[in-house]
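2 protein chains.
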Amino acid sequence: MTTTSGEFALLDETWSSVTPPAARRMLIAAAAAFSVRGYHATTTRDIAAQAGMSPAAVYIHYRSKEELLFHISRIGHATSLSVLTGVSEVDPVARLAAAVRAFASWHAEYHTTARVVQYELSALTPEHLAEVVELRRRIEAAVRDMVSDGVRAGAFDVPDVRGATLAVLSLCIDVARWYQPAGRRTPAEIGDLYADLVLRMVGATT
Amino acid sequence: MTTTSGEFALLDETWSSVTPPAARRMLIAAAAAFSVRGYHATTTRDIAAQAGMSPAAVYIHYRSKEELLFHISRIGHATSLSVLTGVSEVDPVARLAAAVRAFASWHAEYHTTARVVQYELSALTPEHLAEVVELRRRIEAAVRDMVSDGVRAGAFDVPDVRGATLAVLSLCIDVARWYQPAGRRTPAEIGDLYADLVLRMVGATT
DNA sequence: CTCCATACTAAGCGGTTGCTTAGGTCTAAG
DNA sequence: CTTAGACCTAAGCAACCGCTTAGTATGGAG
Chain A
55 MTTTSGEFAL
65 LDETWSSVTP
75 PAARRMLIAA
85 AAAFSVRGYH
95 ATTTRDIAAQ
105 AGMSPAAVYI
115 HYRSKEELLF
125 HISRIGHATS
135 LSVLTGVSEV
145 DPVARLAAAV
155 RAFASWHAEY
165 HTTARVVQYE
175 LSALTPEHLA
185 EVVELRRRIE
195 AAVRDMVSDG
205 VRAGAFDVPD
215 VRGATLAVLS
225 LCIDVARWYQ
235 PAGRRTPAEI
245 GDLYADLVLR
255 MVGATT
Chain B
55 MTTTSGEFAL
65 LDETWSSVTP
75 PAARRMLIAA
85 AAAFSVRGYH
95 ATTTRDIAAQ
105 AGMSPAAVYI
115 HYRSKEELLF
125 HISRIGHATS
135 LSVLTGVSEV
145 DPVARLAAAV
155 RAFASWHAEY
165 HTTARVVQYE
175 LSALTPEHLA
185 EVVELRRRIE
195 AAVRDMVSDG
205 VRAGAFDVPD
215 VRGATLAVLS
225 LCIDVARWYQ
235 PAGRRTPAEI
245 GDLYADLVLR
255 MVGATT
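What follows is the structure in structure tokens.
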């Protein structure tokens with residue numbers, strides 16, 4: 055089973071909810087710049103130039119550079135949560151495998167957004183961080199529930215549910231750090247590889 | 055088997071090779087600041103203040119802020135490589151377990167240094183980056199050799215050696231991102247957990 | 001045509017950045 | 001005491017930062 059392009063059909067519209075179009079272009083430009091250079095090394099002039107506008111145009115749709123980051127982070131977190139929980143499988147083994155496959159390959163395919171999501175949390179204001187942390191808590195809970203369900207069904211052999219959850223999430227998240235589009239593996243292949251490795255980690259009955 | 059404090063005896067002197075003492079204090083202050091705020095968000099005034107000196111003192115021992123980062127990154131990479139390859143076990147299963155235990159717990163115990171090592175590569179000059187990338191190549195090769203040795207000895211069941219190597223390294227490295235000293239697990243416990251999970255991933259004969 | 005709201009830019013302000021310069025302070029040898 | 005040299009600081013420079021202000025172009029309603 056491989057990741058189909060259809061699995062990401064909804065995600066091609068990651069930013070589709072952002073209007074007006076100029077605000078969306080600015081967000082996408084900011085996400086690209088933050089991903090490559092990092093939030094603090096990116097200037098508002100960089101973002102504006104990438105969006106093909108003047109430096110002042112940033113402040114028509116956003117109050118500050120940090121608010122730009124917050125919107126990227128919030129939409130990115132919400133999208134990755136829906137990818138993780140959007141799997142249709144009901145059998146615990148197949149369900150965890152499908153969720154890991156989707157979540158890991160999302161971090162590869164959308165590594166630009168994923169890097170901002172995972173590595174720029176400390177640049178958010180306390181209020182914005184709190185909102186994003188709540189989404190992260192729900193992501194962790196979703197994985198923990200899938201692991202617990204498999205243990206309860208007798209399909210997994212896991213001595214430490216919290217520890218296994220931590221490792222599964224960590225493994226998938228770190229894809230955003232090392233993935234390169236020109237690299238050896240496609241996002242779909244990474245998803246398949248990681249689904250297999252995770253089933254081994256949780257001792258899934260084969 | 056737990057990680058003993060003796061395992062890190064040599065590492066308590068991570069910066070011992072840096073002289074004179076004032077240059078060492080400056081390096082340690084920079085590592086702490088880069089780790090918390092990130093390289094670009096850290097000012098040379100921050101570093102100097104943390105070291106208890108004036109802003110100009112930075113430039114007595116280092117040519118630039120980037121050179122400070124380079125020294126931290128180089129020493130950090132070299133130390134983590136020696137932690138990984140310094141294990142004494144010869145049996146493939148015990149050897150990989152010991153290496154993962156040491157490598158993962160190092161990323162927790164020395165997460166301050168490890169964060170600079172893993173997340174500030176893009177701030178290095180091309181020349182300095184090349185030197186560090188060579189050390190990273192040797193780290194990856196060390197893990198790959200351990201996995202290959204186990205496969206060759208018939209002790210591991212790994213369909214994709216490169217993929218498993220990638221996942222093992224990725225898992226350990228990401229500890230630096232999520233670890234918190236006030237958290238639920240000690241570095242030694244993380245090492246033990248990860249050694250077990252990695253042996254499951256490579257299908258080690260039990 | 002006028003009127004007005006929206007979307008944008010040119011110019012620039014106050015503050016901060018990495019880094020430099022000129023000079024002061026200490027220790028130890030002569 | 002003088003001198004040399006290592007080590008450090010006070011002050012500040014040019015460049016750049018996030019963000020603001022004042023004003024322009026555009027297009028639809030009356």
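Protein chains in written order, with my numbering: chain A, 55 to 260; chain B, 55 to 260.
In this text, a Cβ means the ideal position worked out from N, Cα and C, and glycines have one as well.
Bear in mind the structure is a predicted one, so any value in this text is a computation, not a measurement.
Of the candidates B:Asp250, B:Val170 and B:His115, B:Asp250 places its Cα closest to the Cα of Val154 of chain B.
Cα atoms of Gly237 of chain B and Leu220 of chain A: separation of roughly 12 angstroms, rounded to the nearest angstrom. Counting only residues of its own chain and dropping the five nearest sequence neighbours on each side, Val197 of chain A has a CB closer than 6 angstroms to the CB of Thr219, Val222 and Leu223. Nearest to Thr139 of chain B by C-alpha distance, out of B:His125, B:Trp160 and B:Glu120, is B:Trp160. In terms of CA proximity to Arg216 of chain B, A:Arg239 leads the group A:Gly217, A:Val215, A:Asp214 and A:Arg239. Only exposed fits Pro235 of chain B, as fewer than 16 other CB atoms lie within 10 angstroms of its CB. One thing to note: Ala258 of chain B has its Cβ within 8 angstroms of the Cβ of Ala209 of chain B. Contact check for Ala105 of chain B and Arg79 of chain B: beta-carbon distance about 5 angstroms, within the 8 angstroms limit, so the pair qualifies. Along the region 89-151 of chain A, the beta strand (DSSP E) does not occur as any fully enclosed run of 3 or more residues. The Cβ atoms of Glu120 of chain B and Thr179 of chain B sit closer than 8 angstroms to each other.
Taken through DSSP and simplified to helix, strand or coil, Leu247 of chain A comes out as helix.
Interface flag for His125 of chain A against chain B is unset, since no Cβ pair is found closer than 8 angstroms. Taking the CA atoms as reference points, Val112 of chain A sits about 19 angstroms from Glu174 of chain A.
For Val147 of chain A, the closest of A:Arg206, A:His125, A:Glu243 and A:His115 by C-alpha to C-alpha distance is A:Arg206.
Against chain B, the CB of Gly217 of chain A has a partner CB under 8 angstroms away; the residue lies at that interface. Distances from the CA of Tyr164 of chain A to each of A:Leu247, A:Pro241, A:Leu81 and A:Pro74 were compared; the closest alpha carbon is that of A:Pro241. Within the region 222-254 of chain A, those residues whose Cβ lies closer than 9 angstroms to any Cβ of chain B are, in chain order, Leu223, Ser224, Leu225, Ile227, Asp228, Val229, Arg231, Trp232, Arg238, Arg239, Glu243, Ile244, Leu247, Tyr248, Asp250, Leu251, Val252 and Arg254. Here Asp145 of chain B is exposed, its C-beta having fewer than 16 other C-beta atoms within 10 Å. Residue contact with chain B for Ala209 of chain A: absent (no Cβ-Cβ distance below 8 angstroms to any residue of chain B). Of the residues assessed, Val187 of chain A falls on the exposed side of the cut-off, its CB having fewer than 16 other CB atoms within 10 angstroms.
Following the DSSP letters along the chain, one finds Trp232 of chain B inside the alpha helix (DSSP H) bounded by residues Val229 to Trp232. Cα atoms of Ala184 of chain B and Thr97 of chain A: separation of roughly 26 angstroms, rounded to the nearest angstrom.
Here the alpha carbons of Arg231 of chain B and Ala103 of chain A stand approximately 32 angstroms from one another.
With respect to the 8 angstroms criterion, Leu150 of chain A and Met200 of chain A are classified as neighbours on the basis of their beta carbons.
Check the Cα spacing between Pro74 of chain B and each of B:Leu123, B:Ile114, B:Ala95 and B:Val90: the tightest is with B:Ile114.
Collapsing the DSSP output to three states places Glu174 of chain B in coil. In the three-state reduction of the DSSP assignment, Trp69 of chain A falls in the coil class, being assigned neither a helical nor a strand state.
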